[in-house]
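These protein sequences, in sequence, are chains E and B. Residue 881 is where the first sequence ends in the UniProt record's numbering, and the numbering goes up by one at each step. Residue 881 is where the second sequence ends in the UniProt record's numbering, and the numbering goes up by one at each step. No residue lacks a Cβ here, since even glycine has one placed at the ideal position from N, Cα and C. A quick note: this is a predicted structure, and the numbers were derived from the prediction, not measured. Notes to accompany the following structure.
2 protein chains.
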Amino acid sequence: SGGTMASESEAQRALQYEQTLMYGRYTQDLGTFAKDEAARLRLQEGDTPRPRRPSELLEYTQGRCGPCRVCALQCQRFLISKVGEDWVFLILLGLVMALVSWAMDFAIATCLQAQKWMYGGLDTNVLLQYMAWVTYPTVLITFSAGFTQILAPQAVGSGIPEMKTILRGVVLKEYLTLKTFVAKVIGLTCALGSGMPLGKEGPFVHIASMCAALLSRFLSLFGGFYENEARNIEMLAAACAVGVGCCFAAPIGGVLFSIEVTSTFFAVRNYWRGFFAATFSAFIFRVLAVWNKDEETITALFKTRFRLDFPFDLQELPAFAVIGIASGFGGALFVYLNRKIVQFMRRQKTINRFLMKKRLLFPALVTLIISTLTFPPGFGQFMAGQLTQKDTLVTLFDNQTWAKQGLSDEFEYLGILEAWRHPRSNIFITLVVFIVMKFWMSALATTIPVPCGAFMPVFVIGAAFGRLVGESMAAWFPDGIHTDSNIYRIVPGGYAVVGAAALSGAVTHTVSTAVIVFELTGQISHILPVMIAVILANAVAQSLQPSLYDSIIRIKKLPYLPELGWGHHEKYNVRVEDIMVRDIRYVTLNCKYRDLQQVLHSTKMKNLPLVESAESMILLGSIERTQVGALLSNQLSPHRRLLTLRQKVLSEDGHRLSDSSIRFQINTETSSGSPARPALRKPLKPALKRVPSSPADSPPAGTADHTGIALKSLFCANTSAEPTEAQAVAYPKAKRVRISIVEEMILGDKMTPAEILEWEEQQLDQLVDFSSAKIDPAPFQLVEHTSLHKTHTIFSLLGLDHAFVTSIGRLVGMVSLKELRKAIEGSLTGKGVKVRPPLASFRDSTASTTEADTTALRQLWDRHQHHHMPREAGPGGDDDD
Amino acid sequence: SGGTMASESEAQRALQYEQTLMYGRYTQDLGTFAKDEAARLRLQEGDTPRPRRPSELLEYTQGRCGPCRVCALQCQRFLISKVGEDWVFLILLGLVMALVSWAMDFAIATCLQAQKWMYGGLDTNVLLQYMAWVTYPTVLITFSAGFTQILAPQAVGSGIPEMKTILRGVVLKEYLTLKTFVAKVIGLTCALGSGMPLGKEGPFVHIASMCAALLSRFLSLFGGFYENEARNIEMLAAACAVGVGCCFAAPIGGVLFSIEVTSTFFAVRNYWRGFFAATFSAFIFRVLAVWNKDEETITALFKTRFRLDFPFDLQELPAFAVIGIASGFGGALFVYLNRKIVQFMRRQKTINRFLMKKRLLFPALVTLIISTLTFPPGFGQFMAGQLTQKDTLVTLFDNQTWAKQGLSDEFEYLGILEAWRHPRSNIFITLVVFIVMKFWMSALATTIPVPCGAFMPVFVIGAAFGRLVGESMAAWFPDGIHTDSNIYRIVPGGYAVVGAAALSGAVTHTVSTAVIVFELTGQISHILPVMIAVILANAVAQSLQPSLYDSIIRIKKLPYLPELGWGHHEKYNVRVEDIMVRDIRYVTLNCKYRDLQQVLHSTKMKNLPLVESAESMILLGSIERTQVGALLSNQLSPHRRLLTLRQKVLSEDGHRLSDSSIRFQINTETSSGSPARPALRKPLKPALKRVPSSPADSPPAGTADHTGIALKSLFCANTSAEPTEAQAVAYPKAKRVRISIVEEMILGDKMTPAEILEWEEQQLDQLVDFSSAKIDPAPFQLVEHTSLHKTHTIFSLLGLDHAFVTSIGRLVGMVSLKELRKAIEGSLTGKGVKVRPPLASFRDSTASTTEADTTALRQLWDRHQHHHMPREAGPGGDDDD
């Protein structure tokens, strides 16, 4: 005892495989060894790792233009090897997304122009005009809703909440498929083409992610591409940045916004990827506009031309702060309203039932109401109803002051600005009507089941609110505030920029909207007002409501972990022991099948802890519920019953049958999608690496008793940290079905029900053989003292959904996402009461819990002393310090 | 077996303390319980948690203006409770740092003006002018170096590498103290005041962090402030953002830059804090300039006035790309040069020995050389030597084109621009000379042992390089490139902006320099060129050299973890089993003291794994080396020898002595800095919470045999996840010293050396009693299959420096930072060879390792089967599937 362990374990292993020697060398000097190994492998590369290629080469070289073909092959191989590189992937992703974004913008612009053209062409008859104005969007939205519903209902909505969940490590089915991609792109184009107050940002994040997933699958056809969960998540994070970046031509803002809305912890190395892809994408997006002669050169999407020398006065800052605070309240109200509308629609059973039957009625109805209200000759004249979203923004960011100081005719409303003027009203009333109407319209429109986001509508409302404040300021201080000789008039357009950033920041709980507006307008001169307003808006909104995306996550009941707010000191003082579940079921190493059955009946946990014994409670690993079920069903399977029966009755025949059963197992296993031989299906992929190619890799020199273990080990292939759930589920089912068929076929059931029952009882009393089960050998462990803050950090960092709490190897409890969520919400919602950390006052001497540790350790120690070396159990009196 | 565990453990605990009941309630319904508890505690708040206050209140209320004072006290208490809030802290931090930054800028400007004034005043005599020009900076730099050396040598250099290390969780001593703060502020002011090519950005990150640490300590005097490691790290991260933000008045760039240079994984919730503090700080910093009448309103630091309508042509992009790529090479060269200079200075033993004696000679010498070369009437006339760094930047970002197209007299060099003109030279030569000279000067100057950064000098060089390319382009295309009717001339200032961002991005390996230049210049119109250049520069520089900060980290041998580059697929395929150390020493639960001694002699590991037994190898926890040493020295302590002696000789006296020994222990423990009663020293702090205040908290109803455990538990108080190393070290030492004194005092040694030896041998044969040792009950565990990529992620996420590798509870190896570093560098440095993942080709069928798992599990299972239930060891033949 107390010696070296490596010698022992190495000795065990040396008997089994050759690799052990390499491990030894490897740990000695990794750097040099790696280089040697690499050089050796490079030398061999032509032949050993890819056994099929040489033969191909051989064939070609025998032909006439052999050298040519060899060269072409080598080029091809070089290209293929490069295809897997990250930067190729990111460039392709950027390119594709820029094209998609540009094409969609083009299609949307065409749709909107068609509506304008119809509306303009029918100006002889108001009723016809109205019909055209209303029918056109209704048809488009209804088509969008129907198309999405039929093709892929997952494409509905923003997509950012789902991406947030996916990036946390949760697998959402069908969210990243080609079908959803098509549904989202076409649905979104139609929805935005209708002119409803909907946005394209959120859906673009989703589209970019789907694009990345599809591209990665496509590139993997060419091989050289390591499919890996961690890498996929990194690529998805970059894709989110691309989505925002190419939607607004805002690479920096895109990266930051996507980080803020989708991540809790962000790997700085991904940042790079995001920047690269988003910049490339934004570049291509804007270059397309130049090539299409829309623009002379690459500029911002909503370029402003505010003066540079004196953008704003210091004394205007309070007005900007007011915009920020009001936007904070407004943003919270928007989120609240949006949620209430969804909940109302769900709760009203009669409406609901009616709408469920006629799914397309709700979108059509909402579109009808909104487009009726914006009809320009009708109510729309009071709210600039004829402007599209883009035109509205352009006019709101306009450089001029609309409300003139006394001289009302000094300024001509030119071009699209005309829409804001009304002979019997003034600009303030128009703006207020616009804000109020658009506010509820946007909140309502974003609940329509079509692919749509809320960012852009909110952005427009914010800009209008900012403009309102700006115009008021301009009316209040006609000659500006500055006291020096120069007159610097107030620029209401600057206020509009500030308002847009503040309100969109408040709704999404992000600060990066500030960066987005700089990139959108191409001016950064208002940086301080924008930052102040955005921060104030965030502070207000975050203390009132969750972000729009978190709100949707809650509505959709996606698995989530709430953020820790700031200023909540309790979280540092609540500990795991306060929130953990102590009453958990577990599996012991020496338990019987009956115990497994009991455990399965008494708990719904997806992962069961495996402990050494009920006395020691030493945690050995965790085992999935499905695995326990498989163990049990395997033990009670008719197949085994058959075997027993056979063994009892036909003792000489038994040998043959058990042979066939082994062969049969191999069969089952190949059919249940084992990863061992996928080469047959994918000829392009150099998956041959996966086939045992060197002698060291093949199963150890075959003796009869090894075969069983080898087979099992194939089933256990996924004991790694990232198990694929699909396999775990697929295997027992496939096997069971097969077995029952085989059994019925060959034998028929020769046992009576009573006999079966008896046999099953007997089987249940046997000890469990875990060797065929998939065990996670290192489930995540926490200690009782770990603070809530740290637990939250670890859970969100590693994307855990449960962790076991241990004390010196002993299992004492478990914390899952549910407990953590409860604990955080418990400490967050109790705002009014100012929740004190429960039990915090009792804890500081830490005498209690540590004592428990000590006692536990002593127990363990005592047990060992008595078990292993009773001869040495000396007098307890001499070590009493 | 297989039942509920909570009932058992609860039964054990219920005997010991009352709290157990609460745990039960708590887990049932945490939310409501928390609220109840909070309400109850609020009711009690006046009296129980702060037992001293009520008596004070009582005294006051007895006086005349009692109500008044009660009110004042309540106000005070309210303020104190608010002081701990994050936002108060962040506002204070922002305010202080803005003041520091502004004051330093003011002092630096004064210093530089004094030099200019001296230089200008002495223009009658060139020699005197030269003396003044050279002496002034030499004196300042020498003073700065000497002052820093004497007060706090930790203040030398940038500080970003150290902050990166600290934010990784490593404790660097003396890096965040008041002394270092003073040394850094004064040293930096003098260094920058000398006009050497040094920067203030890096040191400002350090200054802000020190400011945060000091502020947090200061605020904790007022209480209401939970001191917590996690919180401190969060605050330090925010402080880094403030440092950059208030240095450049660039809040967004500051936040991003600080994230990129200090973090590997970034918590998005910190982002918020950083933005808040940095914005506030930048705001105050700029407002101070307005109040000081330096500026009319808040604008950018280096405001540019490029035209907005057509910032650049699409066809200029290749030129920007060239700037990016060249900057990438330049940046790598700068890092290389800087490192070589440091290494050269270290290697030259004779120079070194001489310089070590006269520490101030090196700074003086370097300053002398650099200032001689920049002397304006001398060589300085060819490199605009008379301009300060700030003036240089202002001129380089100038809006006009310097190299005129044919008409050389069309443009007048006005004001400070004059410096760039030379009658016998042209602007291209001047710029080239400037770039070349400044390049090596900056690389040399930043090795001087004064507080200084390299960002600003590099930024200036980059701007000059960009200007050079811009002027060349302007000379090449005198009428611009655009083919339409409008003539848009090329703007060389825009090239300077691009160059500055690209070169500083290349040296620091950051993308956020792009954002910093936008904020510095107040214009974002060149966003695409800047982004393209920065990304290309990064791509080139990252593939050639580490970042400047990582380079310094390596030179200084700080504990670090290299970044995973991108495009290295190997990292997904190298696994923990390839890099882990298998041959590790461990401590078993049933080992003897002799084994401990052996382990201590045979390994240098700081943390030793504690396993159940050498056969089972089940990992129970880890124990620090110092703890093992303490156990051993305690066992062999003269004190225990004494006790034995006493027990043998004076059996009736022994009782009294052991009593006194217990009393003595209590004494030792109080003196060794236990956290139990700090209230005596800090009267302002409501540390009384820490003292047992409610009956439930006091040690369980005192019986004699509990005392020992309680005492031990006090020593074990830090078994929590964040042990404070200082205590662990302090305790055994203090105790040992005390004991030997006491022993000598009372008894003198009555044993002969031979007897002592015999006694010690006897003692070493006893079983170890771990109950007094501090054991980390949940050290971090990895599995053999964990990929290098994931391991890196986990290590950098959680700031680990070692992790044990387990397989179904069994310890099989260990990975420390060293192995990980080796593995990453092994796969990174072998660039030319394109290192293949060693052993990757053997692994894919995963048969081998899993088999080992299965075998191990089977062993464990067999052992249990035989040990615990030999009655059931049925025939192994019937479960062979």
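Within-8 Å CB hit, residue i to chain B
{"i": "Val628/E", "result": "no"}
{"i": "Met531/E", "result": "yes"}
{"i": "Ile775/E", "result": "yes"}
{"i": "Tyr271/E", "result": "yes"}
{"i": "Thr279/E", "result": "yes"}
{"i": "Val515/E", "result": "yes"}
{"i": "Ser525/E", "result": "yes"}
{"i": "Val511/E", "result": "yes"}
Contact list for residue i against chain E, beta-carbon separation under 9 Å
{"i": "Arg217/B", "result": "Simply none; closest approach about 17 Å."}
{"i": "Gly494/B", "result": "Those within 9 Å of Gly494/B in chain E number zero; the least Cβ separation is about 12 Å."}
{"i": "Phe283/B", "result": "Leu317, Leu528, Met531, Ile532"}
For residue i, the three-state DSSP class (helix, strand or coil)
{"i": "Ala155/B", "result": "helix"}
{"i": "Glu624/B", "result": "strand"}
{"i": "Ala145/B", "result": "helix"}
{"i": "Thr304/E", "result": "coil"}
{"i": "Ile584/E", "result": "coil"}
{"i": "Gln523/B", "result": "strand"}
{"i": "Val170/B", "result": "coil"}
{"i": "Lys606/E", "result": "coil"}
{"i": "Glu371/B", "result": "A small fix is needed here, since residue 371/B is Ser in this sequence, not Glu. In the structure shown, Ser371/B sits in a helix (DSSP, three-state: H, G or I)."}
{"i": "Lys358/B", "result": "coil"}
{"i": "Met441/B", "result": "helix"}
{"i": "Ala514/B", "result": "helix"}
Chain E within 8 Å of residue i, Cβ atoms only
{"i": "Asp313/B", "result": "yes"}
{"i": "Trp759/B", "result": "no"}
{"i": "Pro251/B", "result": "yes"}
{"i": "Gln762/B", "result": "no"}
{"i": "residue 891/B", "result": "Here chain B has residues from 1 to 881 only, and residue 891/B is not among them."}
{"i": "Thr703/B", "result": "Because the pLDDT of Thr703/B is 35, which lies under 50, any placement of that residue in the model is unreliable, and the question is left without a value."}
{"i": "Phe397/B", "result": "no"}
{"i": "Phe310/B", "result": "yes"}
Under 8 Å from the C-beta of residue i: neighbouring residues of chain E
{"i": "Glu260/B", "result": "Val268, Tyr271"}
Contact list for residue i against chain B, beta-carbon separation under 8 Å
{"i": "Val498/E", "result": "By Cβ distance, chain B contributes nothing, its closest Cβ being about 14 Å from Val498/E, past 8 Å."}
Beta-carbon neighbours of residue i, restricted to chain E and to distances below 7 Å
{"i": "Ser263/B", "result": "Val268"}
Per-residue contacts from residue i into chain B (C-beta, under 9 Å)
{"i": "Leu797/E", "result": "Phe265, Ala267, Thr793, Ile794, Leu797, Leu798"}
Whole-number beta carbon distance between residue j and residue i, since they are thought to touch under 8 Å
{"i": "Val134/B", "j": "Thr388/B", "result": "That belief does not hold up - the Cβ atoms of Val134/B and Thr388/B are roughly 16 Å apart, past 8 Å."}
{"i": "Leu215/B", "j": "Val96/B", "result": "7 Å"}
- [ ] Please list the segments of the beta strand (DSSP E) lying wholly inside the segment 771-808 of chain E, counting only runs of 3 or more residues, in order along the chain.
- [x] Whole beta strand (DSSP E) segments, 3+ residues: 802-807.
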